[in-house]
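S.K.: Per this note's numbering, the sequence shown starts with residue 11, numbered consecutively.
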Amino acid sequence: MSALRPAAVSGAFYPANPRALSADVGEMLDAVAVFEPRLGFPKAVVAPHAGYIYSGPVAAYAYDALTPARGIVTRVVLLGPVHRVPVRGLALPDAEAFETPLGRIAVDPGARPALADLPQVVVSARAHALEHSLEVQLPFLQRVLGEFTLVPLAVGDASIAEVSQVIERLWGGPETLIVVSTDMSHYHPYGEALQIDAETLTRIEAFSSDIRHEQACGATPLNGLLALARARGMSIRRLRACNSGDTAGGRDQVVGYSAFALYEGAPVAPEEAGRRLVALARAAIAHRFGELAEAPRVDAPLWLRQAGATFVTLTRAGKLRGCIGSLEPRRALGDDVVANALAAAFGDPRFAPLTAAEWPGTQLEVSLLSTPKPIHFADDAELLESIEPGVDGLIVQLDDRRATFLPQVWESIPDKRRFLAELVAKAGLPADTRLARCRVLRYRAMKWREADVASH
């Protein structure tokens, strides 16, 4: 085996400079217009594979949905169509690692033995050497997931059953993510492409496994995934769809792009999540007071292990008694709630530590935050226009000073200008600070008050 499959299309499909590439991927993820907090993450995604200026903004929707999977997904099974070298079957590389400007990704050493008895699986260094359909997915995966191993499969001439069999063999548990790389129709006029792709998108949503290659260049791996997903009773969500005429190309001949997420099992009900998170926060504080012999478990169900950012707020007789939280998802959701509950009770610098006498009359509220995303604005008027009172949590940052107001602060400060002025003051900035000099980010939150979840 060769040690390394080097980047082949960096500098063409995406930047070769690591800093520029990281910035580009970050900007595309930041531009994803999804602000709601997430509970759970997809088992599989479908993403396009053109140059980043064309399809990157669409691919970003697939990878943004995987943000909670960091630290859980440790293996990615990546399937994409061959464009340069014909292959019979599905080709593994002979390399031990793939390289991008963001670093090396180890090829899963268990993949080849696991597939050794399947005649449709071959090894081909040539199929992978210049193939872009797999490579362009890697910087997004590196940015979102961090460390993981890779099972890269360049898919050539194969039946639906052959592809499905390979995916099923590699299915694994929550540690394994399936990614299928495909564009949609190619080189039709803009209006005609919209009609062709609309039909294909509908068929994908119906788990049709007879997509043709003129409808999607990655039809072979896509059909294999859709057939297996249908058999496994999965659900599917269209995340984004457009074409190169909408992004960076002309409209005489366009290429279509789409992003989908496929899920196993029933979605997590927000009400159930709220009950568990509030109970977890209360149990953490109760354990500190000696009311519980054991610390609360934070490793089950699975969604408690997803990366998450929370705030825990304590009140007594309707008055604030402590509030500590995380603005970005840097640890498992369950761990974050426990840490913030203890910090709100015993470490908020504005209050003395909570006492055992106060504890019985203390009410808890847990807020789950979405990933903060920057608001782009030219002046104060544009910023004020873009803010949604009662919905948006805001972060204001200038140099090393930063502050946030949760969305529930709108209840006491409903005026936009005053909201921003008091947020600037909370950050320790002068009252005449021009907001155009600041970085302003927006997030949304699900919140659960203890009294509310206890009554359901």
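The beta-carbon is built from N, C-alpha and C at its ideal position, and this holds for glycine as well.
#1: Excluding the 5 residues flanking Ile405 on each side, which residues of the same chain have their C-beta closer than 6 Å to its C-beta?
#2: Given that a residue counts as buried once 16 or more other Cβ atoms are within 10 Å of its Cβ, and exposed if not, what is Thr212?
#3: Thinking C-alpha only, which one of Ala237, Tyr273, Cys252 is nearest Met244?
#4: Rounded to the nearest angstrom, how far is the Cβ of Val189 from that of Val55, given a contact under 8 Å?
#5: Going by DSSP, which residues form a beta bridge with Ser20?
#6: With a Cβ-Cβ cutoff of 8 Å, do Leu424 and Leu312 count as a contact?
#7: With DSSP as the reference, please indicate the residues paired to Ala458 in a beta bridge.
#8: How big is the Cα-Cα spacing for Leu236 and Ile170?
#9: Among the candidates Ala446, Ala291, Leu445, whose CA atom is the shortest distance from the CA of Trp458?
#10: Between which residues of its own chain and Leu148 is the CB-CB distance below 6 Å, once the five residues before and five after are set aside?
#11: According to DSSP, is Phe150 helix, strand or coil?
#12: Determine whether the beta carbon atoms of Gly99 and Glu202 lie at a separation below 8 Å.
#13: At a Cβ threshold of 8 Å, is Arg261 touching chain D?
#14: Thinking just about the alpha-carbon of each residue, which of Pro199, Glu145, Ala446 is nearest to the one in Asn253?
#15: Val165 to Pro91, Cα distance in whole Å?
#16: Anyone know if the C-beta pair for Ala107 and Arg114 falls short of 8 Å?
#17: Quick check: what's the CA-CA separation for Trp181 versus Glu368?
#18: For the putative contact between Leu393 and Leu439, defined by C-beta atoms under 8 Å, what is the C-beta separation to the nearest angstrom?
#19: Could you tell me how far apart the beta carbons of Pro78 and Arg15 are, in whole angstroms, since I believe they sit closer than 8 Å?
#20: Between Phe23 and His142, which are expected to be in contact by the criterion C-beta below 8 Å, what is the C-beta distance as a whole number of angstroms?
#21: Ignore the nearest five residues each way along the sequence and tell me which others in Ile385's own chain have a CB closer than 6 Å to its CB.
#22: Under the rule that 16 or more other beta-carbon atoms within 10 Å means buried, what is Lys329, buried or exposed?
#23: Could you tell me the distance, in whole angstroms, from the CA atom of Lys53 to the CA atom of Ala303?
#24: Which one or two residues does DSSP pair with Ser143 in a beta bridge?
#25: Below 8 Å CB to CB, which residues in the same chain sit around Pro129 once its five sequence neighbours on both sides are set aside?
#26: Tell me the DSSP bridge mates of Val419?
#27: Please work out which residues of its chain come closer than 6 Å, Cβ to Cβ, to Arg250, disregarding the five sequence neighbours upstream and downstream, and give them in chain order.
#28: For Ala327, which three-state DSSP category applies?
#29: Does the beta-carbon distance from Phe321 to Leu379 come in below 8 Å?
#30: With the cut-off set at 8 Å, would you say Phe45 and Arg454 are in Cβ contact?
M.R.: Well, looking at it:
#1: Pro382, Thr414, Leu451
#2: exposed
#3: Tyr273
#4: 6 Å
#5: Tyr24
#6: Reading the sequence as shown, one finds Pro at residue 424 and not Leu. For Pro424 and Leu312, no; Cβs fall outside 8 Å.
#7: One detail in the question is off: residue 458 reads as Trp in this sequence, not Ala. Val376, per the DSSP bridge assignment.
#8: 9 Å
#9: Ala291
#10: Thr110
#11: helix
#12: no
#13: Note that chain D does not occur in the displayed structure, where there is just one protein chain.
#14: Pro199
#15: 5 Å
#16: yes
#17: 50 Å
#18: Between Leu439 and Leu393 the Cβ distance is about 15 Å, and since that is not below 8 Å, they are no contact.
#19: Not really, about 29 Å apart at Cβ, beyond 8 Å.
#20: 6 Å
#21: Ser396, Val450, Arg452
#22: exposed
#23: 36 Å
#24: Per DSSP, none; premise fails for Ser143.
#25: Gly99
#26: Per DSSP, none; premise fails for Val419.
#27: Val68, Tyr71, Ala269
#28: coil
#29: yes
#30: yes
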